[in-house]
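Since the structure comes first, as C-alpha cells, the remarks are kept for the end.
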Amino acid sequence: MKSSYKEILFVVAGLALAAAGLAMLRLMPQAWGGPLPYLCLGVGTGAFGWGGGELLKQRALKGEPELQKRIDIEANDERNVALANRAKARAYDCMLYVFGALMLSFVLMDVELTAILLLVGAYLLVVGISVYYYVRYDKEM
Amino acid sequence: MESKLSKKEVPVLKNRLEELRKQRGIRQEELAEALEVSRQTIGSLENGRYNPSILLAFKISRYFGLPIEEIFLYEE
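Chains as they are written, first to last, in the numbering used here: chain A, 312 to 452; chain B, 187 to 262.
Here it is, written out as C-alpha cells:
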C-alpha cells in the first residue's frame with residue numbers, strides 16, 4: 312500500500328498551524344498584530360485540505376486496483392500530457408504580456424520603486440528559468 | 187525556402203486505425219486499455235486530430251501485428 316505518512320503529517324501540521332493562527336487572533340490579538348496569524352490560518356487550512364483530500368482519495372481507491380489503473384492511465388496519457396504542456400506554454404506566453412503590462416501600469420501609477428523592482432525581478436527570474444530549461448533540454452535531447 | 191504550411195498548421199498523418207479496429211471487432215475502450223491510453227486519445231487518433239508519439243505508434247503497430255507504415259500513411 313502507498314505510504315501516507317506525508318499526508319498525515321500535512322493534516323496534523325495544518326491543523327496545528329491553523330489552531331495557532333486562531334489562538335493568536337483570539338487570545339493575544341495585541342501581541343500578534345499584523346499578517347502572521349492570517350498567514351498561519353491560510354497555510355494551515357491549505358495544508359490540512361491537501362493532506363485530508365489525499366488521505367480520502369487513498370481510502371476511496373483502496374481495494375479498487377482497476378479504478379487506480381484507470382486514473383494512472385488518464386494522468387499519464389500522452390495526449391493529456393501534451394495538452395497540459397501546450398496549455399502551459401500558451402499561458403506562459405500570455406503571462407509575459409500580462410507582466411509587461413502590469414509593470415508599465417505600476418510605473419505610470421507612480422507605485423513605490425521597491426514594488427516595481429520586485430516585479431521586474433520576478434519577471435526576469437521567470438524568463439531566466441525559461442532560458443535555463445531551454446539550454447538544459449537542448450543538451451538532453 | 188518557405189514552408190507551405192503556415193505556423194499554426196500541424197501536419198497530421200492519415201491512419202487506418204478505425205478500419206483495423208472495426209475489422210477486428212474491438213471497441214475504442216478495449217483498444218485504449220490494451221495500449222494504456224485514454225479512450226479520447228483513440229478517438230482523436232482515428233479522427234486524425236492527433237499524431238501519436240513514435241512509442242505509441244510502435245505499440246499500435248505491435249498490437250495489430252502490422253508495420254507502422256501500413257497503419258500510418260504519410261503523404262507528401
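Think of the CB as a built atom: it goes at the ideal place given N, C-alpha and C, for glycine as much as any other residue.
Quiz item: Can you name, in chain order, every residue of its own chain whose Cβ lies under 6 Å from the Cβ of A/Leu326, other than the five neighbours on each side?
Solution: Phe359
Practice problem: Pick helix, strand or coil for A/Lys373, following the three-state DSSP scheme. | Solution: coil
Exercise. Mind checking which residues open and close the alpha helix (DSSP H) that includes B/Glu232?
Key: 225–233
Quiz prompt | For A/Leu415, the nearest candidate out of A/Arg401, A/Val431, A/Ala402, A/Tyr403 (CA to CA) | solution = A/Val431
Quiz item: If contact means a Cβ-Cβ distance below 9 Å, which residues of the region 220–249 of chain B contact chain A?
Solution: Glu222, Val223, Ser224, Gln226, Thr227, Ser230, Leu231, Tyr236, Pro238, Ser239, Leu241, Leu242
Quiz item: Where does the unbroken alpha helix (DSSP H) through B/Gln214 begin, and where does it stop?
Solution: 214–221
Exercise. Could you check the C-alpha separation between B/Glu262 and B/Ser239 for me, to the nearest Å?
Key: 20 Å
Exercise. Using a Cβ cut-off of 8 Å (strictly closer), state whether A/Ile384 contacts chain B.
Key: yes
Quiz prompt | Nearest-angstrom Cα separation, counted from B/Arg213 out to A/Val438 | solution = 46 Å
Quiz item: How is B/Asn237 classed by DSSP in three states: helix, strand or coil?
Solution: coil
Quiz item: Quick one: complete alpha helix (DSSP H) runs, 4+ long, within the region 326–403 of chain A?
Solution: 347–372, 376–387
Practice problem: Using a Cβ-Cβ cut-off of 8 Å, state whether A/Asn396 counts as contacting chain B. | Solution: no
Quiz prompt | Same chain only: Cβ atoms within 8 Å of B/Leu199, ignoring 5 sequence neighbours per side | solution = Gly234, Asn237, Phe258, Leu259, Tyr260
Quiz item: What three-state label does DSSP hand B/Leu259 in the structure shown?
Solution: strand
Quiz item: What separation, rounded to the nearest whole angstrom, lies between the Cα atoms of B/Glu216 and B/Lys208?
Solution: 12 Å
Quiz prompt | Distance between A/Ala371 and A/Trp361 (C-alpha atoms, nearest Å) | solution = 15 Å
Quiz item: What are the boundary residues of the alpha helix (DSSP H) that includes A/Leu430?
Solution: 424–451
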